[in-house]
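Data block below; observations after.
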Amino acid sequence: MKRRISRKQTKVEVVKITLAKTAGFCFGVKRAVDKVYEEISNGKEVYTYGPIIHNDEVVKDLENRGVKVIHSLDELKKLDKGTIVIRSHGVPKSVLDQIKEIEGEQGTSFEIVDATCPYVLKIHRIVKEQSELGRQVIVIGDKEHPEVAGIIGWCKNPAIVVGNAEEAEKIQLSSEQKVCIVAQTTFNYKNFQELVEIISKKGYDILVLNTICNATEERQTEAATLSKTSEAMIVIGGKHSSNTRKLYEISKKECANTYYIQKLIDLDLNQLKSFRSVGITAGASTPNNIIKEVHTRMSEMSFEQLLEESLVTIHNGEVVDGTVIRVKEDEIVLNIGYKADGILTRNEYTNQPNVDLRTVVSEGDTMTVKVLKVNDGEGQVLLTYKRLAAEKGSKRLEEAFNNKEVLKAKVAAVLDGGLSVIVDEARIFIPASLDSDTYEKNLEKFKDQEIEFVISEFNPKRRRIIGDRKQLLVAKKQELSKALFAKIKVGDVVEGTVKNVTDFGAFIDLGGADGLLHISEMSWGRIESPKKVFKVGDSVKAFIKDIQGEKIALSLKFPEQNPWANANEKYAVGNVVTGKVARMTEFGAFIELEPGVDALLHVSQISREHIEKPADALKIGQEITAKVVDFNSEDKKISLSIKALEAPAAEEVAETTTEE
25 MKRRISRKQT KVEVVKITLA KTAGFCFGVK RAVDKVYEEI SNGKEVYTYG PIIHNDEVVK
85 DLENRGVKVI HSLDELKKLD KGTIVIRSHG VPKSVLDQIK EIEGEQGTSF EIVDATCPYV
145 LKIHRIVKEQ SELGRQVIVI GDKEHPEVAG IIGWCKNPAI VVGNAEEAEK IQLSSEQKVC
205 IVAQTTFNYK NFQELVEIIS KKGYDILVLN TICNATEERQ TEAATLSKTS EAMIVIGGKH
265 SSNTRKLYEI SKKECANTYY IQKLIDLDLN QLKSFRSVGI TAGASTPNNI IKEVHTRMSE
325 MSFEQLLEES LVTIHNGEVV DGTVIRVKED EIVLNIGYKA DGILTRNEYT NQPNVDLRTV
385 VSEGDTMTVK VLKVNDGEGQ VLLTYKRLAA EKGSKRLEEA FNNKEVLKAK VAAVLDGGLS
445 VIVDEARIFI PASLDSDTYE KNLEKFKDQE IEFVISEFNP KRRRIIGDRK QLLVAKKQEL
505 SKALFAKIKV GDVVEGTVKN VTDFGAFIDL GGADGLLHIS EMSWGRIESP KKVFKVGDSV
565 KAFIKDIQGE KIALSLKFPE QNPWANANEK YAVGNVVTGK VARMTEFGAF IELEPGVDAL
625 LHVSQISREH IEKPADALKI GQEITAKVVD FNSEDKKISL SIKALEAPAA EEVAETTTEE
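Counting from 25, one number per residue, gives the positions in the sequence shown under my numbering.
Structure (structure tokens):
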């Protein structure tokens with residue numbers, strides 16, 4: 025697709041430029057800078073303790089006027105009399121006190137002009153008072169920022185600095201500890217709320233003071249709004265400026281085409297050639313003259329001028345940046361700053377087949393691509409993304425191979441003999457022998473799963489890049505096993521998951537090693553088959569019966585549940601008991617009185633009538649009532665008799681009477 029730009033056109037399309045109302049110096053910064061210029065105008069020897077603000081242009085201009093930046097107390101001690109201006113970010117109390125005590129070489133004290141932002145001074149007072157009251161001060165901000173360093177220097181006790189959710193989650197204080205939370209004046213308000221919420225959930229007695237400067241909130245809100253309605257955003261400010269960096273992050277979130285510059289010379293017109301609306305904002309430390317210079321330059325230029333100034337020449341094999349201007353199911357059209365647009369087909373975008381490009385790329389996205397052919401015969405430029413990505417990916421994998429880095433990727437395909445994963449369009453093959461630490465019969469279960477692995481072989485010339493998942497699993501198991509054996513001992517109650525069930529027992533995964541729960545240790549009673557009791561995935565709580573090297577024997581026969589513990593009372597001779605026929609032999613039947621306690625009912629004790637074998641009168645599972653006629657606790661043997669419960673036959677009674 026050729027760009028439809030005719031040099032015969034008379035209508036000039038003007039770029040719409042919108043300057044944020046809040047761009048430029050805030051109250052605190054302007055106050056600090058004005059104080060320095062005021063001291064210079066009075067003919068004094070002026071020093072600033074640290075850069076007065078985070079803007080190289082302002083600091084350089086002041087240096088040209090004779091202002092020297094002091095970075096330490098040692099430097100200050102070597103100077104003669106003069107005026108020390110405290111930077112807008114403030115300093116710790118200890119530093120301020122020492123500056124007041126320092127005398128020049130001639131015995132004269134330095135004059136101190138405190139240009140600390142009033143909003144920052146307010147935070148100093150807050151943390152000083154609250155820490156003296158015993159509250160733990162938590163500062164939400166950048167721990168490397170001089171403002172934060174100054175704030176924590178006013179606390180009676182060490183403060184905690186939190187800059188992200190991970191750091192907030194790690195906070196561990198006494199449940200009775202009272203807390204005071206403040207914020208760096210330039211911190212993002214939304215992020216401040218999120219971190220406060222994380223800390224609040226810990227249940228502390230919290231005093232939250234939103235110390236973010238109102239001007240900062242207004243500036244960030246306007247930047248977000250302007251970014252949503254602009255095709256491109258320019259953020260102006262020093263590279264070390266915290267508030268400017270946050271403006272860039274906010275703008276970038278709403279507008280992909282956001283550019284961070286310090287001054288006009290940093291502005292690349294080539295990046296702005298295809299945008300009809302451009303928003304401009306600036307950090308609190310950015311001088312108005314720089315903002316005006318950028319705004320004026322942009323306002324004077326038309327779209328066609330920007331285009332003509334930015335047109336480039338390209339060659340086959342060249343790597344170029346482009347902006348997506350149209351997306352089809354199988355094709356992407358990019359503006360690459362050339363007189364013709366670039367065409368990126370699906371086959372040159374990805375190795376994944378049948379991908380709908382509309383689901384992965386959007387208009388306005390920026391891409392780095394490689395030129396395959398400057399002219400495809402129709403005036404179009406053919407591009408490739410996947411080949412460039414694969415080249416970068418190959419370098420990435422080489423570094424990972426050399427550094428033994430653990431990589432993570434989704435399984436793209438299940439092949440004969442292994443798995444295929446893609447990292448930055450570079451393919452890695454993981455053989456079946458290296459995909460797990462155990463034999464995996466069904467590799468399909470890995471399809472579309474994200475897995476971790478290392479590169480065990482890297483030979484791009486032979487297109488042989490081999491991944492290894494097995495060694496990570498083995499190493500992790502060894503680590504878990506070492507930790508497990510270090511903390512367990514015989515008698516401990518442990519909990520695990522059934523990993524495998526056999527005819528002789530079940531193997532329980534204890535998180536580092538397997539324990540064997542033998543069939544004989546599954547119950548005080550009789551177990552016919554472990555497979556009737558357990559299945560893979562069941563949770564089991566057992567105690568460790570024995571440890572031999574790396575072998576762990578488990579048991580569910582807890583001593584306190586031993587049915588023989590009070591059997592001498594329950595099954596004393598003469599007691600009448602009930603049980604079920606568990607099994608039979610030629611000489612009698614074994615009756616289960618309860619799990620773990622069997623008693624013998626001899627064939628001669630089944631009935632007063634003659635019975636040839638137990639099966640003639642009983643059947644498995646039948647419930648019977650009998651009298652205990654013998655109890656041997658040492659051998660755990662009990663003898664029963666049904667016969668003893670039956671009334672004597674009539675003839676026996678008569679015979680007994682006659683004898684009497």
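All residues carry an ideal CB built from backbone N, CA and C; glycine is no exception.
| In the DSSP assignment, what are the bridge partners of D138? | Reading the sequence shown from its first residue, position 114 is the one you call residue 138. According to DSSP, which records beta bridges pairwise, D138 is partnered with I110.
| field | D459, buried or exposed, once every other Cβ within 10 Å from all chains shown has been counted against 16 | value | Here residue 459 refers to the residue found at position 435 when the sequence shown is read from its first residue. With a threshold of 16 other beta carbon atoms within 10 Å, D459 meets it and is buried.
| field | Heavy atom of the ligand HEM within 7 angstroms of V348 beta-carbon | value | Ligands displayed in this structure: none; no statement on the ligand HEM is therefore possible.
| query | Under three-state DSSP, which class holds E618? | reply | The sequence position of residue 618 within the sequence shown is 594, counting from 1. Shown here, E618 sits in a strand according to DSSP, grouped into three states.
| Beta-carbon contacts of H319 that lie in its chain and below 8 angstroms, excluding the five residues immediately before and after | Mapped onto the sequence shown, residue 319 falls at position 295. Around H319: I41, L43 and I304.
| query | Nearest to N66 by alpha carbon, out of Y73, K92, K102 and T107? | reply | Against the sequence shown, residue 66 aligns to sequence position 42. Closest in C-alpha terms to N66, from the list Y73, K92, K102 and T107, comes T107.
| Exposed or buried, which one is P554 when buried takes at least 16 other CB atoms within 10 Å? | Numbered from 1 along the sequence shown, position 530 holds the residue referred to as residue 554. Buried: at least 16 other Cβ atoms inside 10 Å.
| Residue ranges of each beta strand (DSSP E) run of no fewer than 3 residues wholly in the region 504-554, ordered along the chain? | Runs of the beta strand (DSSP E) inside the region 504-554: 517-525, 529-533 and 538-542.
| Quick one: is Q196 buried, meaning 16 or more other Cβ sit within 10 Å of its Cβ, or exposed? | In the sequence shown, counting from the first residue as 1, residue 196 sits at position 172. Under this definition Q196 is an exposed residue.
| How long is the line joining the alpha carbons of I644 and A606, rounded to whole angstroms? | As a first step, residue 644 is located in the sequence shown; it is residue number 620 there, counting from the start. As a first step, residue 606 is located in the sequence shown; it is residue number 582 there, counting from the start. Taking C-alpha positions only, I644 is separated from A606 by approximately 6 angstroms.
| query | Out of curiosity, what's the CA-to-CA distance linking Y228 and Q201? | reply | Your numbering for residue 228 matches position 204 in the sequence shown. Your numbering for residue 201 matches position 177 in the sequence shown. Going by the C-alpha atoms only, they are around 6 angstroms apart.
| request: Can you have a look at Y463 and say buried or exposed, based on whether 16 or more other CB atoms are within 10 angstroms of its CB? | output: The sequence position of residue 463 within the sequence shown is 439, counting from 1. Under this definition Y463 is an exposed residue.
| query | Is it right to say R382 is buried, meaning 16 or more other beta carbons lie within 10 angstroms of its own, or is it exposed? | reply | Sequence index remark: in the sequence shown, residue 382 carries index 358 (1-based). With fewer than 16 Cβ atoms within 10 Å of its Cβ, R382 is classed as exposed.
| Taking just the CA atoms, how far does D104 sit from K68? | As a first step, residue 68 is located in the sequence shown; it is residue number 44 there, counting from the start. As a first step, residue 104 is located in the sequence shown; it is residue number 80 there, counting from the start. Between K68 and D104, the C-alpha separation is close to 12 angstroms.
| task | Could you name each continuous beta strand (DSSP E) segment of 3 residues or more that falls completely within the region 81-111, going from the start of the chain to the end? | result | Taken in chain order, the complete beta strand (DSSP E) segments of 3 residues or longer contained in the region 81-111 are 92-94 and 107-110.
| task | Whole angstroms is fine: what's the gap from P311's alpha carbon to V259's? | result | Within the sequence shown, the letter at position 287 stands for residue 311. Within the sequence shown, the letter at position 235 stands for residue 259. Cα to Cα, P311 sits roughly 13 angstroms from V259.
| query | Considering only residues of the region 133-184, which uninterrupted beta strand (DSSP E) runs meet the minimum length of 3 residues and lie entirely inside it, listed in chain order? | reply | Restricting attention to beta strand (DSSP E) runs no shorter than 3 residues, the region 133-184 encloses them at 135-138 and 160-164, ordered along the chain.
| request: Could you give the DSSP three-state label for E468: helix, strand or coil? | output: As a first step, residue 468 must be located in the sequence shown, where it is residue number 444. Of the three classes helix, strand and coil, the one that applies to E468 here is helix, per DSSP.
| message | Quick check: H626 and G612, are their CB atoms within less than 8 angstroms of each other? | response | The sequence position of residue 626 within the sequence shown is 602, counting from 1. The sequence position of residue 612 within the sequence shown is 588, counting from 1. In this structure, G612 lies closer than 8 angstroms to H626 by Cβ.
| request: Note down, in chain order, each residue of its chain lying with its Cβ closer than 8 angstroms to the Cβ of H339, except the 5 sequence neighbours on either side. | output: Position 315 of the sequence shown, counting from 1, holds the residue named residue 339. Spatial neighbours of H339 in its own chain (CB-CB distance under 8 angstroms, excluding positions within 5 residues in sequence) are listed in chain order as V395 and V398.
| field | Proximity of Y595 and L617 at Cβ, strictly below 8 angstroms | value | Within the sequence shown, numbered from 1, the residue matching residue 595 stands at position 571. Within the sequence shown, numbered from 1, the residue matching residue 617 stands at position 593. Yes.
| query | Name the DSSP bridge partner or partners of A207? | reply | Your numbering for residue 207 matches position 183 in the sequence shown. A207 is bridged to I164.
| query | In three-state terms, what does DSSP make of K78? | reply | Residue numbering aside, residue 78 sits at position 54 when the sequence shown is read from its first letter. In the sequence under discussion, the amino acid at residue 78 is His, which differs from the Lys named in the question. Of the three classes helix, strand and coil, the one that applies to H78 here is coil, per DSSP.
| Ordered along the chain, which non-local residues of its own chain (more than five positions away) have a Cβ less than 7 angstroms from that of V557? | Locating residue 557 in the sequence shown gives position 533, where the first residue counts as 1. Short of 7 angstroms from the beta carbon of V557, and not among the five residues preceding or following it, lie these beta carbons of its own chain, in chain order: M546 and I551.
| field | Simplified DSSP assignment, three categories, for R55 | value | Walking along the sequence shown from the start, residue 55 turns up at place 31. Looking at R55 - three-state DSSP - the assignment turns out to be helix.
| request: Name the residue from I76, V70 and G307 whose alpha carbon lies nearest to the alpha carbon of K287. | output: Along the sequence shown, one-based indexing puts residue 287 at 263. The shortest C-alpha separation from K287 is found at G307.
| query | Does DSSP put S309 in a helix, in a strand, or in coil? | reply | For the purposes of this step, residue 309 is taken as residue 285 along the sequence shown, with counting starting at 1. DSSP places S309 in coil when its eight states are reduced to three.
| Within this structure, are the beta carbons of V560 and I532 separated by less than 8 angstroms? | As a first step, residue 560 must be located in the sequence shown, where it is residue number 536. As a first step, residue 532 must be located in the sequence shown, where it is residue number 508. Taking 8 angstroms as the Cβ cut-off, V560 and I532 do not qualify as a contacting pair.
| query | How many whole angstroms separate the CB atoms of S112 and I77, which I take to be in contact at a CB cut-off of 8 angstroms? | reply | One-based indexing of the sequence shown puts residue 112 at position 88. One-based indexing of the sequence shown puts residue 77 at position 53. The Cβ separation is near 5 angstroms, so the contact holds.
| Cβ-Cβ distance between V522 and D570 below 8 angstroms | Position 498 of the sequence shown, counted from the first residue, corresponds to residue 522. Position 546 of the sequence shown, counted from the first residue, corresponds to residue 570. Cβ atoms of V522 and D570: not closer than 8 angstroms.
| said: Let me check understanding here. Comparing Cα to Cα, which of K660, E519 and I635 lies closest to P587? | reply: For this step, residue 587 is matched to residue 563 along the sequence shown. Answer by Cα proximity: K660.
| message | Buried or exposed for Y61, going by 16 or more other Cβ atoms inside 10 Å? | response | Here residue 61 refers to the residue found at position 37 of the sequence shown. Under this definition Y61 is an exposed residue.
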